[in-house]
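Here the structure is laid out as structure tokens; the discussion comes afterwards.
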Amino acid sequence: MFEWAMQIPGALRWEQDTLVLKSLNLSQASLLDLLALFSRYQIPMQQLAQFRNSRNEGWFSAPQMYWHTQVFG
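So the sequence shown is residues 760 to 832, counted in our numbering.
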């Protein structure tokens with residue numbers, strides 16, 4: 760399932776239908792890839808909120824981003 764998702768830096772392995780990541784501190788590129796993956800396959804995006812940190816909150820939690828409501832409610 761989603762074998763290409765393993766190419767996202769920070770991805771470790773799949774456990775059944777769960778993508779296991781090695782860190783909460785993902786690069787911007789990795790987080791954007793995850794947002795695209797979740798959006799494309801209609802995976803609930805709330806679980807991505809845990810990746811917000813001081814380095815990415817300026818763009819990741821910006822209210823004008825298409826994913827804001829799905830991730831942050």
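By construction, the Cβ of each residue, glycine as well, lies at the ideal position given by its N, Cα and C atoms.
Query: Residues near HIS827 in its chain [Cβ-Cβ closer than 8 Å; skip 5 each side]; Result: SER820, ALA821
Query: Supposed close pair PHE831, ALA808 - CB separation, criterion 8 Å; Result: 6 Å
Query: Own chain, CB closer than 7 Å to ALA764, minus 5 neighbours either side, in chain order; Result: ALA770, LEU778, LEU796
Query: Residue closest to TYR825, alpha-carbon to alpha-carbon, out of ASP776, ARG772, LEU791; Result: LEU791
Query: Cβ-based burial, LEU783 [other Cβ within 10 Å; buried from 16]; Result: exposed
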